[in-house]
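Asker: One gets the numbering used here by counting positions in the sequence shown from 1 and adding 1361 to each.
Beta carbons are placed, not taken as given, at the ideal position from N, Cα and C, and that holds for glycine.
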Amino acid sequence: MTARRNRLLAITLLALSVAAFARASELSADLKARRARVMERLGPDAMLILWSAPSQVYSRDVDYEYRQDSNLYYLTGIVQEETLLVLMPGNESRREILFVKQKDPAQEHWRGLSLSAAEAQKHTGIETVLTTREFDSFVAAILGRRGFEPVDDKQAERFLAALSAGRARIHILLDPGHGLHDQLTPPLAFARNIRDRFVGFHIDDAASILADLRLVKTPYERKVLAKSVEISNDGQRAGMLAARPGAYEYEVKAALEAVFRGRGAVSWAYPSIVASGPNATILHYPHDDRQMQAGDLLLVDAGCNYGYMSADVTRTYPVGGAFSPAQKDLYQIVLQAQEEGMKVAVPGSS
């Protein structure tokens, strides 16, 4: 019996390993296809540079839970700070260059393991992986119209020629809402510095290209999004079971977010809104400490972030399990409006 259990355990672990490998390979292939579409839109005379999101301090030596920049994740799948991606569509080879932070055993003892170059290659499908410390030298060499090993001047000949002709374009994510006195973001500081030091290029905003491509989901993305919606649905149901007269809003929130994390979601997609009674009329109600009463309606606006795909689900229901006549009438009007909208939400409609 023990031998049979061990065999079953071994088969189960093997199946899980194969499934995990298949998912990783599928993601890597999808990332590569996304980068190819971006480079097709950029053209051979352009360079795209994306930065990872910075870490944010919560208190003293404690950071907030890290959340990667969505655009960088879209093209790399990496959830790690101090990461940069460079795309050079005109290069003969090595059109994708990834920069990751140097391995630091002392820091890893405190903050966890970081990706090695080999791990980053395997995860992203990007062959050329350098350290973040090399990024400034790389940029200075390229904009100075010479190569930087392993991207030599022959490989980058098309972009270097564009620089010499004054038609090169460097795409970064600009911040149109940035005020005159706001602290410069890394991309804006970078743009200012290279304008002071080099010539031969224009700086363009990459936002429209990335937004346009991200609008249409790949089959892989649709599968991940469906999983995100499924988990969000289960979380909402758990919240419904926790809602009752006398319970607190935070009990509903805890119940639904426990499902999110327990089903493998990275986190919530946005701060969950659990608003009962008069709080339900506050669009972004920030608290969750009211005790729910019989006769209240409870609005729950909550969804999970699964694989950086997010659902957005809002439901309103009676805390005591039954609508009053007026509540029922309002609910039916909103429900009918949604159903009529879904009937015409088809390809070709405006």
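DSSP three-state label for VAL1620, please.
Answerer: Within the sequence shown, residue 1620 is the residue found at index 259, counting from 1. Correct three-state label for VAL1620: helix.
Asker: Work out the CA separation of TYR1678 and ALA1641 for me, nearest whole Å.
Answerer: Within the sequence shown, numbered from 1, the residue matching residue 1641 stands at position 280. Within the sequence shown, numbered from 1, the residue matching residue 1678 stands at position 317. About 11 Å.
Asker: With DSSP as the reference, please indicate the residues paired to PRO1679 in a beta bridge.
Answerer: Translated into the one-based positions of the sequence shown, residue 1679 becomes position 318. Partner(s): LEU1658.
Asker: Quick one: residues in its chain with C-beta nearer than 8 Å to the C-beta of THR1493, no 5 flanking neighbours on either side, listed in chain order?
Answerer: By one-based count along the sequence shown, residue 1493 stands at place 132. Closer than 8 Å at Cβ, skipping near neighbours: GLU1443, THR1444, LEU1445, PHE1460, VAL1461, LYS1462, GLN1463.
Asker: Near THR1373, which residues of its chain fall below 8 Å by C-beta distance, leaving aside the five closest residues on each side in sequence?
Answerer: For the purposes of this step, residue 1373 is taken as residue 12 along the sequence shown, with counting starting at 1. Unreliable positioning characterises THR1373 in this predicted model, as indicated by a pLDDT of 48, which lies under 50. The coordinate reading is nonetheless provided below. Correct list: empty, nothing qualifies.
Asker: With three or more C-beta pairs closer than 8 Å as the rule, is the segment 1565-1577 touching the segment 1538-1546?
Answerer: Because the criterion of three Cβ pairs below 8 Å is not met, the segment 1538-1546 and the segment 1565-1577 do not touch.
Asker: So what does DSSP say about LEU1375, is it helix, strand or coil?
Answerer: For the purposes of this step, residue 1375 is taken as residue 14 along the sequence shown, with counting starting at 1. At LEU1375, the pLDDT of 48 sits below 50, so the modelled position is not reliable and the matter cannot be decided from this model.
Asker: List in chain order: all unbroken beta strand (DSSP E) runs of 3+ residues lying wholly within the segment 1541-1627.
Answerer: If we require 3 residues or more, the beta strand (DSSP E) runs fully inside the segment 1541-1627 come out as 1562-1566.
Asker: Nearest-angstrom Cα distance between VAL1628 and LYS1614?
Answerer: By 1-based counting over the sequence shown, the position of residue 1628 is 267. By 1-based counting over the sequence shown, the position of residue 1614 is 253. A small correction: the amino acid at residue 1628 is Ser; Val does not occupy that position in the sequence shown. Each residue's alpha carbon lies about 13 Å from the other.
Asker: Just to confirm before moving on: does the CB-CB distance between GLY1451 and ARG1519 stay below 9 Å?
Answerer: Here residue 1451 is taken as the residue at index 90 of the sequence shown, counted from 1. Here residue 1519 is taken as the residue at index 158 of the sequence shown, counted from 1. Yes, they are a contact pair.
Asker: Need the endpoints of the beta strand (DSSP E) that MET1408 sits in, please.
Answerer: Within the sequence shown, numbered from 1, the residue matching residue 1408 stands at position 47. Its beta strand (DSSP E) spans residues 1407-1412.
Asker: Are HIS1484 and LEU1403 touching if we call contact CB-CB under 9 Å?
Answerer: Here residue 1484 corresponds to residue number 123 of the sequence shown, with the count starting at 1. Here residue 1403 corresponds to residue number 42 of the sequence shown, with the count starting at 1. Taking 9 Å as the Cβ cut-off, HIS1484 and LEU1403 do not qualify as a contacting pair.
Asker: Specify whether the segment 1650-1658 and the segment 1603-1611 touch according to this definition: at least 3 beta carbon pairs, one from each stretch, less than 8 Å apart.
Answerer: At 8 Å Cβ cutoff, the stretches touch.
Asker: Pop quiz: TYR1611 and ASP1649 are said to be a contact at Cβ under 8 Å. What is the actual Cβ separation, rounded to whole angstroms?
Answerer: Along the sequence shown, read from residue 1 onward, the residue named residue 1611 stands at position 250. Along the sequence shown, read from residue 1 onward, the residue named residue 1649 stands at position 288. That pair is a contact at about 4 Å.
Asker: For LEU1696, count neighbouring Cβ atoms within 10 angstroms of its own Cβ and tell me buried if that reaches 16, exposed if not.
Answerer: The residue labelled residue 1696 in the question sits at position 335 within the sequence shown. The residue is exposed, with fewer than 16 neighbouring Cβ atoms inside 10 Å.
Asker: CB-CB under 7 Å to GLU1701, same chain, minus the five flanking residues each way: which ones, in chain order?
Answerer: Residue 1701 sits at position 340 when you count from the first residue of the sequence shown. Excluding residues within five positions, none has a Cβ falling inside 7 Å.
Asker: Only counting the same chain, and skipping five residues up and downstream in sequence, which positions put a Cβ closer than 7 Å to that of VAL1490?
Answerer: Start at 1 with the first residue of the sequence shown, and residue 1490 comes out as number 129. Closer than 7 Å at the Cβ level, and outside the excluded window around VAL1490, lie LEU1459, VAL1461, ALA1478, ALA1481, GLN1482.
Asker: Consult DSSP for ASN1666 and reduce its assignment to one of helix, strand or coil.
Answerer: Reading the sequence shown from its first residue, position 305 is the one you call residue 1666. Residue state, collapsed to three classes: strand.
Asker: Could you tell me the alpha carbon to alpha carbon distance between ALA1343 and VAL1440, rounded to whole angstroms?
Answerer: Absent from the model: residue 1343. The displayed extent of the chain is 1362 to 1711, so no value can be given.
Asker: Kindly indicate the opening and closing residues of the alpha helix (DSSP H) around VAL1705.
Answerer: Here residue 1705 is taken as the residue at index 344 of the sequence shown, counted from 1. Per DSSP, VAL1705 belongs to the alpha helix (DSSP H) from 1686-1705.
Asker: Apart from the five residues on each side of it in sequence, which residues of its chain come closer than 6 Å, Cβ to Cβ, to VAL1680?
Answerer: Here residue 1680 refers to the residue found at position 319 when the sequence shown is read from its first residue. The answer, listed in chain order, is ALA1604, PRO1606, MET1653, ASP1657, LEU1659.
Asker: Sort out for me which residues DSSP pairs VAL1500 with in a bridge.
Answerer: The residue you call residue 1500 lines up with position 139 of the sequence shown. Note: VAL1500 sits in no beta bridge, so no partner.
Asker: Can the beta-carbon of GLU1618 be found less than 9 Å from the beta-carbon of SER1633?
Answerer: Residue 1618 sits at position 257 when you count from the first residue of the sequence shown. Residue 1633 sits at position 272 when you count from the first residue of the sequence shown. For GLU1618 and SER1633, yes; Cβs fall inside 9 Å.
Asker: Name the DSSP bridge partner or partners of LEU1445?
Answerer: Mapped onto the sequence shown, residue 1445 falls at position 84. DSSP lists TRP1412, PHE1460 as partners of LEU1445.
Asker: Once DSSP output is grouped into helix, strand and coil, what is the label at SER1475?
Answerer: Counting from 1 along the sequence shown, the entry for residue 1475 is found at position 114. In this structure, SER1475 counts as coil in the three-state DSSP scheme.
Asker: On a Cα-Cα basis, can you pick out the residue from SER1386, ARG1398, ARG1428 that is closest to ILE1570?
Answerer: In the sequence shown, residue 1570 corresponds to position 209, counting from 1. It is ARG1398.
Asker: Nearest to ARG1428 by alpha carbon, out of VAL1707, TRP1471, ASP1690, TYR1669?
Answerer: Translated into the one-based positions of the sequence shown, residue 1428 becomes position 67. If we check each option's Cα against that of ARG1428, TYR1669 comes out closest.
Asker: Express the C-alpha separation of SER1593 and ILE1643 in angstroms, rounding to a whole number.
Answerer: Counting from 1 along the sequence shown, the entry for residue 1643 is found at position 282. Counting from 1 along the sequence shown, the entry for residue 1593 is found at position 232. Using only the alpha carbons, I get a separation of about 22 Å.
Asker: For the beta strand (DSSP E) that ALA1529 lies in, which residues bound it at each end?
Answerer: As a working mapping, residue 1529 is identified with position 168 in the sequence shown. ALA1529 -> beta strand (DSSP E) spans 1529-1533.
Asker: Between which two residues does the beta strand (DSSP E) containing THR1489 stretch?
Answerer: Sequence index remark: in the sequence shown, residue 1489 carries index 128 (1-based). Here the beta strand (DSSP E) through THR1489 covers 1489-1492.
Asker: Within 10 Å of its beta-carbon, does ALA1381 have 16 or more other beta-carbons around it, so buried, or fewer, so exposed?
Answerer: Within the sequence shown, residue 1381 is the residue found at index 20, counting from 1. With a pLDDT of 48 at ALA1381, under the threshold of 50, the modelled position of that residue is not reliable, and the figure given next carries that caveat. Exposed, because fewer than 16 other Cβ atoms sit within 10 Å of the Cβ of ALA1381.
Asker: Does ALA1672 come out as helix, strand or coil in the three-state DSSP assignment?
Answerer: Taking the sequence shown and counting its residues from 1, one reaches residue 1672 at position 311. It is coil, neither helix nor strand.
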